[in-house]
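Protein sequence lines, in the order shown, are assigned to chains A and B. Each residue of the first sequence is one higher than the one before, starting from 60 at the first, in the working numbering. Each residue of the second sequence is one higher than the one before, starting from 60 at the first, in the working numbering. The beta carbon of each residue, even a glycine, is placed where N, CA and C say it ideally should be. These figures come from a predicted structure and were not determined experimentally.
Protein chains: 2
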Amino acid sequence: MKIITNNAVVLSSGGLDSTTVMAMAKDQKYTIFSLSFDYGQRHRFELEAARKVAHRLGAAQHLIFPMDMSVIGGSALTSDMVVPKGRDNDRMAHGIPVTYVPARNTIFLSIALAWAEVVQASHIFIGVNAVDYSGYPDCRPEYIAAFEAMASLATKAAVEGTLSVKIHAPLIQMTKAQIIRTGMDLGVDYSLTHSCYDPSPEGKACGQCDSCLLRRKGFLDASVPDPTIYA
Amino acid sequence: MKIITNNAVVLSSGGLDSTTVMAMAKDQKYTIFSLSFDYGQRHRFELEAARKVAHRLGAAQHLIFPMDMSVIGGSALTSDMVVPKGRDNDRMAHGIPVTYVPARNTIFLSIALAWAEVVQASHIFIGVNAVDYSGYPDCRPEYIAAFEAMASLATKAAVEGTLSVKIHAPLIQMTKAQIIRTGMDLGVDYSLTHSCYDPSPEGKACGQCDSCLLRRKGFLDASVPDPTIYA
């Protein structure tokens with residue numbers, strides 16, 4: 060017999076986008092299973108942020124999945140490549156930045172799919188966004204649809220017909236300002252969140268990487284005070 | 060410009076199936092990038108077997124990707140659940156065994172996809188088999204096709220049109236005996252390989268788990284001497 064649960068695995072980086080997604084899932088009465096990855100990223104402060112966010116939003120469980128993506132290389136976020144800094148409209152408008160991590164969302168969603176089967180979650184929420192990150196292939200609606208189609212054939216639960224998984228990407232067509240306004244309406248405390256790709260040893264945001272620039276501009280555009288502590 | 064390379068990421072467990080696949084890829088003149096997972100499995104002897112196999116078959120690189128799937132649970136292979144033993148035709152013929160690891164092939168293929176992008180591999184080889192493991196959802200041809208479709212949308216290389224990845228599952232319709240005969244024709248030394256789900260501390264095969272039973276029967280059916288050392 061097919062079960063549809065309101066359990067939802069929510070991918071959480073402790074950043075602005077995924078925290079907003081978790082608040083949306085909570086608002087829609089899903090039971091939240093928060094999933095973060097300790098993947099050898101430079102910006103490890105996000106793990107502490109993710110823990111705080113899961114606690115504040117009342118997640119039923121918060122799981123940190125350990126894996127070392129740095130062995131694969133190919134990204135400034137998991138290797139010694141330099142994280143680009145400063146306003147460079149050309150860099151952000153064109154092409155895929157060096158902070159791209161190969162197949163990252165595919166790997167994250169696959170692990171979310173495994174956990175969804177174990178905790179009987181019919182839903183996976185992911186904070187991908189096709190507007191700000193137009194260069195990232197795995198942030199597009201057609202990619203999300205293809206992953207969902209694959210997932211419908213991948214698990215024991217799917218094949219036995221007991222549980223299928225829907226992938227929710229509610230931010231996919233929103234601007235950063237729209238995301239922030241949505242979160243503010245839901246009472247999100249963005250001071251808990253962390254976005255910087257290259258924070259100081261004390262966890263202060265650099266204010267100069269692409270992620271900081273997008274975040275800062277989002278608060279400006281949304282006319283919301285930016286609670287970020289910059290170095 | 061689209062590049063088609065003859066670099067191939069080959070998923071290797073150090074077992075009979077994946078070793079045969081690697082020998083087939085070598086025979087077809089692919090440059091082999093062997094990928095194994097240290098995922099918290101009970102049968103960690105397979106990691107040493109995978110290393111030996113990659114060396115013997117002349118892999119260009121052998122990567123062990125560390126991640127702890129035991130945090131997710133749901134399988135006898137990564138938790139304290141008991142690995143079933145003894146001949147039980149009912150267990151092997153019907154349903155999905157407790158040794159099923161949730162979404163394992165999806166996770167493995169996702170990481171293979173990431174590495175394929177980094178090493179510019181146009182090919183991924185996986186030793187899934189729909190005959191012996193009819194209960195495993197992620198061993199079926201329709202699953203492999205869906206993964207390949209998703210992968211064509213997932214990576215920077217795919218989106219920029221420079222590199223697409225084909226998933227090869229050459230064993231998918233073969234019996235264990237056919238697999239062994241294919242490997243013997245290619246000179247595979249099966250004494251290097253390891254299949255047992257629950258080996259002794261010295262790495263001897265238990266002879267009783269599903270994987271041992273299938274392997275033993277395969278050698279019998281193929282009329283090939285079984286080089287496995289049983290406890």
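Task: As assigned by DSSP and simplified to three states, the class of Ala118 (chain A) - done: Reduced to three states, the DSSP call for Ala118 (chain A) is coil.
TODO: Just the chain A side, please: which residues come within less than 9 Å of Ala205 (chain B) by C-beta, in chain order?
DONE: Neighbours of Ala205 (chain B) on chain A, chain order: Ala205, Ala208, Met209, Ala210, Ser211, Leu212, Ala213.
TODO: Would you mind giving the Cβ-Cβ distance between Leu212 (chain A) and Ala173 (chain B), rounded to the nearest angstrom? I have them listed as a contact below 8 Å.
DONE: That belief does not hold up - the Cβ atoms of Leu212 (chain A) and Ala173 (chain B) are roughly 21 Å apart, past 8 Å.
- [ ] Could you tell me which of B:Phe92, B:Val218, B:Thr234 sits nearest to Val178 (chain B), measuring between CA atoms?
- [x] Residue B:Phe92 is the option with its Cα nearest to Val178 (chain B).
Task: Proximity below 8 Å, CB of Ala78 (chain A) to CB of Gly246 (chain A) - done: One detail in the question is off: residue 78 (chain A) reads as Thr in this sequence, not Ala. Their beta carbons are not under 8 Å apart, which means Thr78 (chain A) does not touch Gly246 (chain A) by this criterion.
Task: Gly186 (chain A): contacting residues in chain B (beta-carbon distance under 8 Å) - done: Chain B residues near Gly186 (chain A): none, gap ~17 Å exceeds 8 Å.
Open item on the list: Does the beta-carbon of Leu279 (chain B), which I'm using as the reference point, lie nearer than 7 Å to any heavy atom of the ligand FAD?
Closed with: Judged by which ligands are present, the structure shown has none, so any question about the ligand FAD falls away.
- [ ] Answer yes if the region 266-284 of chain A comes into contact with the region 68-87 of chain B, meaning at least three C-beta pairs across the two stretches below 8 Å, and no otherwise.
- [x] Not touching, per the Cβ criterion.
Open item on the list: Please report whether the beta-carbon of Ala180 (chain B) lies at a distance below 8 Å from any beta-carbon of chain A.
Closed with: When Cβ-Cβ separations below 8 Å define contact, Ala180 (chain B) makes no contact with chain A.
Open item on the list: Beta-carbon within less than 6 Å of Ala210 (chain B)'s beta-carbon, same chain only, minus the 5 sequence neighbours each way: which residues are those?
Closed with: Short of 6 Å from the beta carbon of Ala210 (chain B), and not among the five residues preceding or following it, lie these beta carbons of its own chain, in chain order: Leu172, Val224.
Task: Inter-stretch contact at 8 Å, needing at least 3 Cβ pairs: the region 105-112 of chain B / the region 247-256 of chain B - done: Judged by Cβ distances under 8 Å, the region 105-112 of chain B makes contact with the region 247-256 of chain B, as three or more pairs qualify.
Open item on the list: Which residues in chain B have a C-beta closer than 8 Å to the C-beta of Met233 (chain A)? List them in chain order.
Closed with: Close partners of Met233 (chain A) in chain B (Cβ separation under 8 Å) are lacking, with about 21 Å as the shortest Cβ gap.
Task: Given 8 Å, three or more beta-carbon pairs between the region 195-202 of chain A and the region 195-203 of chain B - done: Touching, no, given that fewer than three Cβ pairs across the two stretches are closer than 8 Å.
Task: Closer than 8 Å to chain B by CB, Asn66 (chain A) - done: For Asn66 (chain A), the nearest beta carbon of chain B is not closer than 8 Å to its own beta carbon.
Task: Beta-carbon neighbours of Thr90 (chain B), restricted to chain A and to distances below 9 Å - done: None at all; the shortest Cβ gap to chain A is about 18 Å.
Open item on the list: For chain B, check one thing: does any of its Cβ atoms lie closer than 8 Å to the Cβ of Leu222 (chain A)?
Closed with: So no, Leu222 (chain A) is outside the interface.
Task: Neighbourhood of Asn148 (chain B) by C-beta distance below 7 Å, restricted to the same chain and skipping five residues each side - done: Confidence at Asn148 (chain B) is low in this model, with a pLDDT of 49, below 50, so the placement of that residue should be treated as unreliable; the coordinate-derived value is given next. Result list for Asn148 (chain B): empty, nothing under 7 Å.
Task: Partners in chain B for Phe124 (chain A), counting only beta-carbon separations shorter than 8 Å - done: Within chain B, the residues whose beta carbon sits less than 8 Å from that of Phe124 (chain A) are Met126, Asp127, Val130, Ile131, listed in sequence order.
- [ ] Taking the CB atoms as reference points, tell me whether Thr90 (chain A) and Ala119 (chain A) lie closer together than 8 Å.
- [x] Cβ atoms of Thr90 (chain A) and Ala119 (chain A): closer than 8 Å.
TODO: Measure the C-alpha to C-alpha separation of Ala189 (chain B) and Val68 (chain B) and round it to an integer number of angstroms.
DONE: Here the C-alpha atom of Ala189 (chain B) lies approximately 21 Å from the C-alpha atom of Val68 (chain B).
- [ ] Answer yes or no: does any C-beta atom of chain A fall closer than 8 Å to that of Leu245 (chain B)?
- [x] So no, Leu245 (chain B) is outside the interface.
Open item on the list: Using a Cβ-Cβ distance cut-off of 8 Å, determine whether Leu172 (chain B) contacts chain A.
Closed with: At least one chain A Cβ lies under 8 Å of Leu172 (chain B).
TODO: Please check if any C-beta of chain A sits within less than 8 Å of the C-beta of Ala217 (chain B).
DONE: Cβ-Cβ to chain A under 8 Å: yes for Ala217 (chain B).
Open item on the list: Going by C-alpha to C-alpha distance, which of A:Ile170, A:Thr221, A:Pro161, A:Thr165 sits closest to Ser181 (chain A)?
Closed with: Among A:Ile170, A:Thr221, A:Pro161, A:Thr165, the Cα nearest to that of Ser181 (chain A) belongs to A:Thr221.
TODO: Could you name the residues of the same chain whose beta carbon sits closer than 8 Å to that of Ile62 (chain A), not counting the 5 residues immediately before and after it, in chain order?
DONE: Same-chain partners within the cutoff: Gln179, Ser181, Thr221, Leu222.
- [ ] Output the boundary residues of the alpha helix (DSSP H) element that contains Lys276 (chain A).
- [x] First-last of the alpha helix (DSSP H) with Lys276 (chain A): 269-281.
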